[in-house]
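Residue numbers (our numbering): 387 to 474.
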């Protein structure tokens, strides 16, 4: 029973972290006053993050804690790789 509770807490924290990543990705062009040509990579990252948030939310309805954590980690790794490749 304890294992399930800890998985649920980690899954909820993962969802919050991905939502925060989405907010940060959307606000970055505004904060740094980026021109339109520099915004495309950020829009791609925002799209990936928002799709991930949708999937995580749907999975949370079905109590799929392990899947939520795995998709969250995959999303974070993808965003880090995109940031380094696209030099955002």
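Ideal Cβ placement from N, Cα and C applies to all residues, glycine included.
Predicted, not measured: the structure shown is a model, and the values here were computed from it.
- Counting only residues of its own chain and dropping the five nearest sequence neighbours on each side, residue 408 has a CB closer than 7 Å to the CB of 432, 435, 436 and 439.
- For the options 473, 412 and 405, the alpha carbon positioned closest to that of residue 461 is the one of 405.
- Counting along the chain, the unbroken alpha helix (DSSP H) around residue 447 starts and ends at 425–447.
- Excluding the 5 residues flanking it on each side, residue 414 has same chain C-beta neighbours closer than 6 Å at 428, in chain order.
- A direct Cα-to-Cα measurement between residue 419 and residue 456 gives close to 34 Å.
- Annotation: residue 450 is outside any alpha helix (DSSP H) and is labelled neither H nor E by DSSP.
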